[in-house]
């Protein structure tokens, strides 16, 4: 399948004022904000299901890993991939993605990047997103619970759950998780996003692993962003805990291997791309890849199930700058979801996901979405979510 022409900017710049949400934050300090109704002005015109796809912006790192014969080098590129997903966050404005409805889905077919992706909201309380992607060189999946909390001056974003990668032609199975992210200076000063803490990338097959440290920023004034920030270090160990490789850099710019563990010999393995969008700061800080996520192209037109995010009227209206209409639609859709849940409960039914099934603590892709899409025969018991 060949790729199609894709847009280079959103239909409308950001027109809503996110500041009105601060009063809501102050009333809910320390609470999980994903469970609280928020003004639509706090949103960006993307959905959590689409944000899960944004993780794959630099999937070429996984394709590269699949071509390598050295196990530690493969681990290094998978580690770089896990870090690369943060790059686009440096431009973001601190708004939150739309919460998906129960059993809402999102697909993305990218011939130019070589993958196809499907995600679904599989649990409402707690809110859990399941996603699966496949490509020539890799498979990638996750089932994660997204939380956000306001702490007075900063907002914490937590992604709880495990990310998985396997590489074509190898027995490797990698797992990793994410540290917390913070939006600092929410009330006054220069707002900035920071990722801090430790996480591990583990090759469950060989026992090799990488420890990634996202360093907290330092320097700068009381209300300014740190002058030294975004630093990240990844140290790779074999199964016997012997230090083998080390990667240094900034999650916002580039990563380099210290060749032979020599700090003076650096070999770049990844560079972040510029946003690729003119006046990106006026368009929610989206990169070109993020801008394309909610677009309805010829690859999707007349081929989507009625549950696909691109068909959500509130998100479409918000993307086009129709904030008041979008807010009304959002309230209507959320009420419709509550009514449907009550209907299911009164009938003794459970609202179950369609394309993922639970195995232990994980939600795994059933393998049925793409064959169903090819026939165009979507299940007859699907019902409108909006």
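In this note's numbering, the protein residues as written are 29 to 414. We put the beta carbon where it would ideally sit given N, CA and C, even for glycine.
Quiz item: How far does the beta strand (DSSP E) with residue 381 in it reach, from first residue to last?
Solution: Position 353 of the chain shown, counting from 1, holds the residue named residue 381. Careful: residue 381 lies outside any beta strand (DSSP E) and carries neither H nor E.
Exercise. Look at the Cβ atom of residue 272, then the Cβ atom of residue 240, and state whether they are nearer than 9 Å.
Key: Residue mapping note: residue 272 aligns to position 244 of the chain shown, counting from 1. Residue mapping note: residue 240 aligns to position 212 of the chain shown, counting from 1. No. Outside cutoff.
Practice problem: Quickly, what does DSSP pair residue 32 with across the bridge? List them, please. | Solution: Taking the chain shown and counting its residues from 1, one reaches residue 32 at position 4. Answer by DSSP bridge pairing: none, since residue 32 is not bridged.
Quiz item: Hey, which unbroken runs of the beta strand (DSSP E) at 3 residues or more fall wholly within the segment 289-366?
Solution: Listed in chain order, the beta strand (DSSP E) runs fully inside the segment 289-366 are 294-299, counting runs of at least 3 residues.
Quiz item: Ends of the alpha helix (DSSP H) at residue 208?
Solution: Indexing the chain shown from 1 puts residue 208 at position 180. Where residue 208 is concerned, there is no enclosing alpha helix (DSSP H), because DSSP gives it neither an H nor an E.
Self-check item: 6 Å CB neighbourhood of residue 379 in its chain, flanking five on each side removed
Solution: Residue numbering aside, residue 379 sits at position 351 when the chain shown is read from its first letter. Once the five neighbours on either side are set aside, the close Cβ partners of residue 379 are 130 and 372.
Self-check item: Any alpha helix (DSSP H) of 4 or more consecutive residues that is wholly inside the segment 91-116
Solution: Within the segment 91-116, the alpha helix (DSSP H) runs of at least 4 residues that lie entirely inside it are, in chain order, 99-112.
Exercise. Going by DSSP, name the residue or residues bridged to residue 38.
Key: In the chain shown, the residue the question calls residue 38 occupies position 10. Paired residue(s): none; residue 38 is not in a bridge.
Quiz item: Hey, residue 89 and residue 106: beta-carbon distance below 9 Å or not?
Solution: Here residue 89 refers to the residue found at position 61 when the chain shown is read from its first residue. Here residue 106 refers to the residue found at position 78 when the chain shown is read from its first residue. At a Cβ-Cβ threshold of 9 Å, residue 89 and residue 106 count as neighbours.
Quiz prompt | Option in 392, 197 and 204 with minimal Cα separation from residue 187 | solution = For the purposes of this step, residue 187 is taken as residue 159 along the chain shown, with counting starting at 1. That would be 204, whose Cα lies nearest to the Cα of residue 187.
Exercise. Please name the residue in 377, 42, 295 and 64 whose C-alpha comes closest to that of residue 178.
Key: Position 150 of the chain shown, counted from the start, is the residue given in the question as residue 178. Looking from the CA of residue 178, the closest CA among 377, 42, 295 and 64 belongs to 64.
Quiz item: Is it a yes or a no for the segment 377-394 touching the segment 306-326, going by three-plus beta-carbon pairs under 8 Å?
Solution: Fewer than three beta-carbon pairs drawn from the segment 377-394 and the segment 306-326 are found closer than 8 Å, and the two stretches are therefore not classed as touching.
Quiz item: First and last residue of the alpha helix (DSSP H) that includes residue 80?
Solution: Taking the chain shown and counting its residues from 1, one reaches residue 80 at position 52. Counting along the chain, the alpha helix (DSSP H) containing residue 80 begins and ends at 76-82.
Practice problem: With distances taken Cα to Cα, identify the nearest neighbour of residue 339 among 145, 281, 225 and 74. | Solution: Along the chain shown, one-based indexing puts residue 339 at 311. Restricting attention to 145, 281, 225 and 74, the CA atom closest to the CA of residue 339 is found in 74.
Self-check item: Buried versus exposed, by CB contacts within 10 Å (16 or more), residue 153
Solution: Counting from 1 along the chain shown, the entry for residue 153 is found at position 125. In this structure residue 153 is exposed. Its beta-carbon is surrounded by fewer than 16 other beta-carbon atoms within 10 angstroms.
Exercise. Could you check if residue 342 is buried or exposed, using at least 16 other CB atoms within 10 Å of its CB as the buried criterion?
Key: The residue given as residue 342 occupies position 314 in the chain shown. By the neighbour-count definition (other C-beta atoms within 10 Å, threshold 16), residue 342 is a buried residue.
Exercise. Would you please state the rounded distance, in angstroms, between the beta carbons of residue 69 and residue 124? I believe it to be under 8 Å.
Key: For the purposes of this step, residue 69 is taken as residue 41 along the chain shown, with counting starting at 1. For the purposes of this step, residue 124 is taken as residue 96 along the chain shown, with counting starting at 1. Going by Cβ atoms, the distance from residue 69 to residue 124 rounds to 11 Å, so no, they are not a contact pair.
Quiz item: Mapping DSSP to helix, strand and coil, what is residue 233?
Solution: For the purposes of this step, residue 233 is identified with residue 205 of the chain shown, where counting begins at 1. Here residue 233 sits in coil by DSSP.
Practice problem: Assuming residue 41 and residue 237 form a contact by the criterion Cβ under 8 Å, report the distance between their Cβ atoms to the nearest whole angstrom. | Solution: Translated into the one-based positions of the chain shown, residue 41 becomes position 13. Translated into the one-based positions of the chain shown, residue 237 becomes position 209. About 44 Å; that fails the 8 Å criterion.
Exercise. Taking 9 Å as the cut-off, decide whether the C-beta atoms of residue 170 and residue 337 are in contact.
Key: Position 142 of the chain shown, counted from the start, is the residue given in the question as residue 170. Position 309 of the chain shown, counted from the start, is the residue given in the question as residue 337. In this structure, residue 337 does not lie closer than 9 Å to residue 170 by Cβ.
Quiz item: Can we count residue 384 as close to the ligand ATP, meaning its CB is less than 8 Å from some heavy atom?
Solution: The ligand ATP is not among the ligands present in this structure, which contains no ligands whatsoever.
Quiz item: With 16 as the cutoff for other CB atoms within 10 Å, does residue 388 come out buried or exposed?
Solution: Stepping through the chain shown from its first residue, residue 388 is reached at position 360. Counting Cβ neighbours within 10 Å, residue 388 comes out exposed, since fewer than 16 surround it.
Quiz item: If residue 267 and residue 282 are in contact, beta carbons under 8 Å, what's the gap, nearest whole angstrom?
Solution: In the chain shown, the residue the question calls residue 267 occupies position 239. In the chain shown, the residue the question calls residue 282 occupies position 254. Incorrect: roughly 29 Å between the Cβ atoms, too far for contact.
Quiz item: Tell me the DSSP bridge mates of residue 238?
Solution: Here residue 238 corresponds to residue number 210 of the chain shown, with the count starting at 1. In DSSP, residue 238 forms a bridge with 229 and 264.
Quiz item: Rounded to a whole number of angstroms, what is the C-alpha to C-alpha distance between residue 347 and residue 234?
Solution: By 1-based counting over the chain shown, the position of residue 347 is 319. By 1-based counting over the chain shown, the position of residue 234 is 206. Rounded to the nearest angstrom, the two C-alpha atoms are 46 Å apart.
Quiz item: Is residue 345 buried or exposed, if buried means 16 or more other CB atoms sit within 10 Å of its CB?
Solution: Stepping through the chain shown from its first residue, residue 345 is reached at position 317. Burial of residue 345 is indicated by the presence of at least 16 other C-beta atoms within 10 angstroms of its C-beta.
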